[in-house]
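So the protein sequences, as listed, match chains P, Y and S. Take 1 as the starting number for the first sequence in UniProt numbering and just add one per residue. Take 1 as the starting number for the second sequence in UniProt numbering and just add one per residue. Take 1 as the starting number for the third sequence in UniProt numbering and just add one per residue.
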Amino acid sequence: MPTKSFFHGADWNPEQWPEQVWAEDLALMREARVTAATVGVFSWSRLEPTPGAYDFGWLDRVLDGLHEHGIDAVLATPTASPPPWFTQAHPNALTMRRDGVRLVHGSRDTYCVNAPAYRAVSLRIASALAERYARHPAVRLWHVHNEYGTWCFCDHCARAFRGWLRERHGTLDVLNDAWTTDFWSQRYADWAQVLPPRATQYLGNPAQELDYRRFLSDRMLAAYTEQRDAIKQVAPQAQVTTNFVLGGWVPVDHARWSHEVDLVAIDHYPSSLDGAPAQSAFAADAARGWSAAAGHGGRWLLMEHAPAHVTEDGVQRRKPPGMLARIALAHIARGSQGAMYFQWRASAGGAEQWHTGLIAHPGSTTRVFAEARALGNHLAAEGRAPSYRSAYKKVPFLTDQPAGPGLAGAGSGAARADVVGSGEVAVWFDELCGWAVGASHLPMPVDYRGIVEGWHRTLWRRGHHVDVVPPAAALAGYRVLVVPAAYLLSDESARRLDEYVHEGGHLVVTYLSGIVDEHLRVRCGGYPGALRELLGVRVEEFDPLPAGVAVGLDTGDTATGWTEHLTVPGAAVLARYPDGRPAVTQRAHGAGVAYYVSCALDDAARVRLLDEVCAAAGAAPVLPDLPDGVEAVRTPDGIWLFNHTDERHEIAGRPVGGGAVVRLPPS
Amino acid sequence: MPTKSFFHGADWNPEQWPEQVWAEDLALMREARVTAATVGVFSWSRLEPTPGAYDFGWLDRVLDGLHEHGIDAVLATPTASPPPWFTQAHPNALTMRRDGVRLVHGSRDTYCVNAPAYRAVSLRIASALAERYARHPAVRLWHVHNEYGTWCFCDHCARAFRGWLRERHGTLDVLNDAWTTDFWSQRYADWAQVLPPRATQYLGNPAQELDYRRFLSDRMLAAYTEQRDAIKQVAPQAQVTTNFVLGGWVPVDHARWSHEVDLVAIDHYPSSLDGAPAQSAFAADAARGWSAAAGHGGRWLLMEHAPAHVTEDGVQRRKPPGMLARIALAHIARGSQGAMYFQWRASAGGAEQWHTGLIAHPGSTTRVFAEARALGNHLAAEGRAPSYRSAYKKVPFLTDQPAGPGLAGAGSGAARADVVGSGEVAVWFDELCGWAVGASHLPMPVDYRGIVEGWHRTLWRRGHHVDVVPPAAALAGYRVLVVPAAYLLSDESARRLDEYVHEGGHLVVTYLSGIVDEHLRVRCGGYPGALRELLGVRVEEFDPLPAGVAVGLDTGDTATGWTEHLTVPGAAVLARYPDGRPAVTQRAHGAGVAYYVSCALDDAARVRLLDEVCAAAGAAPVLPDLPDGVEAVRTPDGIWLFNHTDERHEIAGRPVGGGAVVRLPPS
Amino acid sequence: MPTKSFFHGADWNPEQWPEQVWAEDLALMREARVTAATVGVFSWSRLEPTPGAYDFGWLDRVLDGLHEHGIDAVLATPTASPPPWFTQAHPNALTMRRDGVRLVHGSRDTYCVNAPAYRAVSLRIASALAERYARHPAVRLWHVHNEYGTWCFCDHCARAFRGWLRERHGTLDVLNDAWTTDFWSQRYADWAQVLPPRATQYLGNPAQELDYRRFLSDRMLAAYTEQRDAIKQVAPQAQVTTNFVLGGWVPVDHARWSHEVDLVAIDHYPSSLDGAPAQSAFAADAARGWSAAAGHGGRWLLMEHAPAHVTEDGVQRRKPPGMLARIALAHIARGSQGAMYFQWRASAGGAEQWHTGLIAHPGSTTRVFAEARALGNHLAAEGRAPSYRSAYKKVPFLTDQPAGPGLAGAGSGAARADVVGSGEVAVWFDELCGWAVGASHLPMPVDYRGIVEGWHRTLWRRGHHVDVVPPAAALAGYRVLVVPAAYLLSDESARRLDEYVHEGGHLVVTYLSGIVDEHLRVRCGGYPGALRELLGVRVEEFDPLPAGVAVGLDTGDTATGWTEHLTVPGAAVLARYPDGRPAVTQRAHGAGVAYYVSCALDDAARVRLLDEVCAAAGAAPVLPDLPDGVEAVRTPDGIWLFNHTDERHEIAGRPVGGGAVVRLPPS
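The structure is reproduced here in structure tokens:
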């Protein structure tokens, strides 16, 4: 039922406001065609003011209100922020930092996920909520916790870590080998000697650090599934998820977690205003990739994004007019089952009182609400929220499409196919590589995600519809696969990449790929150990460049940051360093081709290389020759165009105004 | 008696030197016309070498020596630095950092002001000093402690904080409301759950942080008044004060404290050499403002400043020749009852051995002492230290005034009126706004004091005599009042500002004013909530600009850093943003006018605006059209001119040499 | 026996590899003409897997293998990294940070050198190794511990510190005086009140900090001598040392320690690629200076350096072709008894897996091994490893010397004199001055070692053979002695400098010399207190300049950073500041001359001054007018030339190719 398949709305925190505001909120939600509201995320101290004593009355009224207004509830369990009584009762169940400092409440996320006391009270409140609301007609999706990702190094963690390691490694000998404990005399003789990677004198053990991230990910996942299962025990049909937050510091393996949620949901906060369109595309493509690989058909949900700003170097840059809808629709075009914001009404007090809301402090008169309302109307007109029986109202800023085919001609929601992936061009993205790079003490600082996003951005700029795929994804069928800086690569992944090429794929591998095994041990004998044969190259030396130094290749391209010294026992050379050494290579293998890029290329060089590779592979962009800043997405409804620039462009014979979103009819 | 009303001198730490140096010091003090010396500030471990056992002999000799030389003693209680025996006896009464780290002695200021043990020994030594010296003829002023401002987060603090909160908020419900604890599930169900804002996982609660500053201020004030009262019990006529240190990190509400001292005393250490004249003027005007609002008639004292340097980005810039006297006299012109330095003789060892002294390490032969001596002679000749019967000796660098009226014609000290305030132009300065801005997580980093000083500096540069006024100051009579970034504004303050304009005042309010109530809750409905009606504007959106971005207004002026989107339901527009939206507005209200400046203006723009406002309000500068770097102060003795530049200027028809101080006769 | 006098090799960690790799390693060592391998440095958890239970079998095989291949073993005690069982058994014997945080294992160097438990287990393992291997024929040198330098602030340290202070100062009165505890009320009344300089509120006591460094140095030295003596008890003929690591943070007084080792051994890791040649020369000259002053005849050993990289601002810059041998030979030319690397085979895992090795991850095919092999062959041909009976093979990159005298004509190792010092030109280097500068809160940040290296580098660039001398070195005979920023100077040192000049020496003293006594108390009466009379100057004021500000002298030279105001009661002025004040002075004293440089001069200005001084003193460079980047060293075999540039130069009538090393025959 399409009504039920689309989420347009926001986090709603009515407990921060007098009840008369609730009525205004519900009316305004209707006005903005909101279909769903997330409630309860940080309500624990309201729901359970003292241990075991519940106050559900207010939440009853909230859910009833939503239901009466035809709005779905995304009901959260509040376990991301235990109330002050938890600190009081269980001081040793709070977060301990790496240096042994015990944190206290006063913010959020202050707890140890391995503390039995924390797990017990979490499960209790989740169960109580399930008991009470599992059959509430407003509840459409359960949202366990919020943005899992809290580190802790306490004794509970130490104990649990040992158990996890026993399970993973079996014996201490295996652990010692995996962690290379012969380096710096770290060989363990007793499981009790193993500790979390707490503050130590100098450089830590990378394998220990990586395993600790894996451990935290697994333990948080257990905390999640524990709540999920409690909910499903009461309501087997319940849909349950949790919102993923992306970031190098987050010890959560989202690809793995995606198997345990009913709908992959992400929060997305870009780090720069100008970079927001490309960053949004990457996050959306990654979420779709996780969903697809976990068997969810590529469907996912943008659970949180900021209504009106992008925080850039500590400054809240305002989204210019039109950007709210353009970014929301770009996510939807890439498979999101809606667009949800944090938050509905900006808080008057508290730590995030200056986070923007759909209803800003001044009220519903502001531009941001007008834009949200227009977007809601547009979505409703599109059939994405058909339970609302209001007339379709054309929203000018969403299109400058002339009469004829276009928005007006779009099919109804019910008729639409679900999600379109690329199927042609993919970028490999493995969060564990980011962890691995972060744990290791590399020859120079390396930003894994930045490298991956760079390659994705180039393809995005060139008009390609790109899938971002985790290592477990099916690779067959892709014409082009880019594997940037896949530092940690399992034997199995290496085998699958070989097979991919052999079967006809075009593979582009960059420097720092296939270097270490799953325990961060270098694959010796010549880099990239896991892919040396496939690529036909042998790297003998890394030669990182200091900031400000560039090296010109004989192709006219430029490398900065990273270079290598390699020999090419089995590959053709496409580009060379100034001294004639190979820089970029190509090797035919089976029915396919494997390229190796031994240096950090700038965007222009990536364009030239990828254009060539895609042409050779027969991977066509959605639209060719797009101007910079114009995004084209293939959807079941045809191609959507997003003009992220201020200028009017002519695309596919049509004028597309600055800031406009235009849909081309399915051809 | 004028002798007794003027302080020219320094901190003197004879305990660091053999007694033969004391005699030399006293002789040199006479030579430099020193009238007062602060003693005992950090002498606790000498005065009470073991708990309860006193050694007053050396201090007897110090005070007797001062008295014999006709020099007053400012006698300090030494409680800012407990001796090592305190650490040994009361390890849990030492400072605990936010992260739980307990500090130890080895520096200064290591104690918890809420620890009963600390309070007990502090009161004991203060009482012992009072008993012994209350009637010593040299003791003219008591100086309790030194630069109150130490943070602590220990359990003593937690207990005391709860008591303070109960008194402030009454019930937990009120507290929960004031602190917006519904955000992030922080609702308190038991007073015992309330803690100081210790290290937590992520962003802290702004209202908790602000109340903690208020609490620390109150508790330190109680520690001060406890000592003050003990002294006054022994010597009811004793004059008692403590030295205020300005800085964003100092949790002391100086406006409030000013009511509890007999003489407002400040320490002043500018942060840049070129900025020192303007910063000194601001600090002086603020001290005068606190004194006036607390009923002390505007009298105050510069208790500490550095003899020969300004520390700028970690480098001690030397004051060029003449600057010592020029800065001292500028403070005096603005109401200081003297000029005191830290310190008399530079320490040979210890943490501040490289802090400059009037007697530098090389001895009394140095330039700094020569300048101090010349200043002393000048002050004596001025009648500010008439107890010294020495001939007046003209000090050339203090003036290049030609014969005739001028220094030579100045009236005697006895004849002078006391302190002149501006009475015409004022700048609102509320340290709590700085705390509020620091506790909040704003849309961009904001430097409250920098903004206030910027507006003050512009008026200073334009030759205005400015009062810097705390919120409780009387506003009636000011022609112009500038309120920069008064983020936190009480209802009462808003009412008084309205009344001020209504009665004929010209009010200039900037962005980020009137935004939150006293608990940091945003005043919703359109910014600036507290002043919206008065100003006739309604701000819908903040639009902070990243570093390096500027916006041109239609007046030719430039805004950087902060801009806003506003509507002007009831105001005229004086300047507009490039897109035509209002930037600066003006509204007539009653007999006055209220201006609103929605963006950060550079100095040139502030000059244009304030010149216009002052002209309209009839607020004339002390002297018009002063060159940059020339300061004019109106005093009871006429106008004093300070040429802070190296160039000679023609002012009011007279040549004023580079670096010179010139007095114009009262007209 | 020359064989036994030369160390070409590396740290070898066979325990990280399967035994089949050992055989390959030994064969490759032969191939590279390796004469020595350091083993056991971090092997504790392998050697003593559980407390008191040893596993020596593998080390037996390692040492036997080395012996069979004719390679010497440098046998380390493994005490720099206690195994995890130590943490488990003695949690309170681990490092405590200044802020009280207790560190745990997981890296290296995590222990308290003052913890009885640590000392006991360290002595036990060292003794066990001595018992077992003292008579092993491969063992040629004992290498106790690794890079002593770990700070700790725990209670064990507190107790030991008090004992050390009692011994040093005798009474508390003396301590209070030495530490100037009257500043900020720190006077101690009981030894139990004395603590390590733990985290405190604000600036710490410089004298306490300096004494704490001295204390740590002495206690680590005691830990070293304890192990050394245990070894010598078993094997009185054993040669024992430990490897010094240079760095401002290392609390080890290497000049003093040099008396306790049988061979001064240093590790050297330059901080910039371009700066590596000059930094290496400085480190080598310093090591030779320590050795000579300690009676070891100037012999020393480069125990560790990196095979293939220099880490510069976090980026591993690759050594270009030829640099490996050039830097190794440059050290040897300056007296090193060999060239040892860290490490032989790059680790596959662990914290330093990206540290380069002679055998890189790709194996023995790489450039770095080829260069190491070529160097080994060259050294063997030179007679430095005559036990290897292989034909000499000319290594082209080591020379472009035309036929005739040169490498081919070099004498045999047996015939060579041992070490040549300069004997003519010296630079004063006292690590305690670095500590003193670091502990004090100076008028601006000062980099002591940077200043010393700057003066050394100028002399090096001008072709001088320079000795770097500790304060205890014999000074007689030097024509020129430069004393840069010798902030802390004892009376005895001052007396010896005076005598040095009086006897005919040319002494160049810079600003910030002779300022404080051994307790960091300023020598009052005019800077530089200890040298005022000798230099004939009297500094009255320091005038540090902010970054970016330069002052031109009347000589055309430029000063930045530091300037001073001085009078010259007894000296001639060589250069003046813009205002005519003296900047550089000269005073004849006895048969010599004393120069004073009151400001920080740039390299060009140092060249002009030192050229003049050296000319006047009759100190000739090894070769005159060397191009920048060409280094000339006088050795027993004649002059060695190192061309660190890429260009070919004509030197002494011969062409010297870019990167080449050329030996001129003894003339």
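Just so it is clear, CB atoms sit at the ideal spot from N, CA and C, and this is done for glycine as well. As the structure is a prediction and not an experimental result, all values here were calculated from the model.
Contact between the segment 617-626 of chain P and the segment 464-482 of chain P (3+ Cβ pairs under 8 angstroms): yes
From S/G659 to S/I327, what distance separates their C-alpha atoms? 10 angstroms
Between the Cα of P/A594 and the Cα atoms of P/S127, P/T242, P/L553 and P/L497, which residue gives the shortest distance? P/L497
Coil, strand or helix - Y/N243 by DSSP: strand
Out of curiosity, what's the CA-to-CA distance linking P/N114 and P/E260? 19 angstroms
Measure the C-alpha to C-alpha separation of Y/A408 and Y/P665 and round it to an integer number of angstroms. Note that Y/A408 scores 25 on pLDDT, short of 50, meaning its location in the model is unreliable; the coordinates nonetheless yield the value given after this. In a straight line, the C-alpha of Y/A408 is about 10 angstroms away from that of Y/P665.
Who are the neighbours of S/Q279 on chain P, taking C-beta pairs under 9 angstroms? Chain P residues near S/Q279: none, gap ~17 angstroms exceeds 9 angstroms.
Can you tell me which of Y/A235, Y/D262, Y/E209 and Y/P582 puts its alpha carbon nearest to the alpha carbon of Y/W249? Y/E209
Find the residues of chain S that neighbour Y/F42, judging by a C-beta separation of less than 9 angstroms, and give them in chain order. D182, F183, W184, S185 and Q186
Determine, using beta carbons only, whether S/W142 and S/V240 come nearer to each other than 7 angstroms. yes
Helix or strand or just coil, what does DSSP make of P/V425? strand
Consult DSSP for S/Q337 and reduce its assignment to one of helix, strand or coil. strand
Is the separation between the beta-carbon of P/A330 and that of P/R457 shorter than 7 angstroms? no
Which residues in chain P have a C-beta closer than 7 angstroms to the C-beta of S/A351? List them in chain order. F183, W184, L203, G204, N205, P206 and H441
Could you tell me the boundaries of the alpha helix (DSSP H) in which P/Y500 lies? D491 to H502
Quick check on Y/L195 - is its C-beta less than 7 angstroms from some C-beta in chain P? yes
Give a yes or no on whether the minimum CB-CB distance between S/E647 and chain P is below 7 angstroms. no
Using a Cβ-Cβ distance cut-off of 7 angstroms, determine whether P/H361 contacts chain Y. yes
Beta bridge counterpart(s) of residue 691 of chain P as assigned by DSSP: The requested residue 691 of chain P does not occur in the structure, where chain P is confined to residues 1 to 667.
Among the candidates Y/R634, Y/E48, Y/T50 and Y/L63, whose CA atom is the shortest distance from the CA of Y/P14? Y/L63
For the ligand GTP, any of its heavy atoms closer than 6 angstroms to the Cβ of S/V501? Among the ligands in the structure shown, none appear at all, so the ligand GTP cannot be discussed.
I'd like to check one pair, P/L512 with P/A485: are the Cβ atoms closer than 7 angstroms? yes
Residues that S/R634 bridges to, as DSSP identifies them: S/I639
Measuring CA to CA, which of S/G580, S/V630 and S/G247 is closest to S/H649? S/V630
Can the beta-carbon of S/P544 be found closer than 7 angstroms to that of S/W562? yes
Sequence ranges, beta strand (DSSP E) only - wholly within the segment 317-369 of chain P, length at least 3: 336-341
Own chain, CB closer than 6 angstroms to S/H519, minus 5 neighbours either side, in chain order: A178 and A207
Name the chain Y residues that come within less than 8 angstroms of S/C524, Cβ to Cβ? A348, H361, P362 and G363
Rounded to the nearest angstrom, what separates S/R367 and P/G536 at their Cα positions? 20 angstroms
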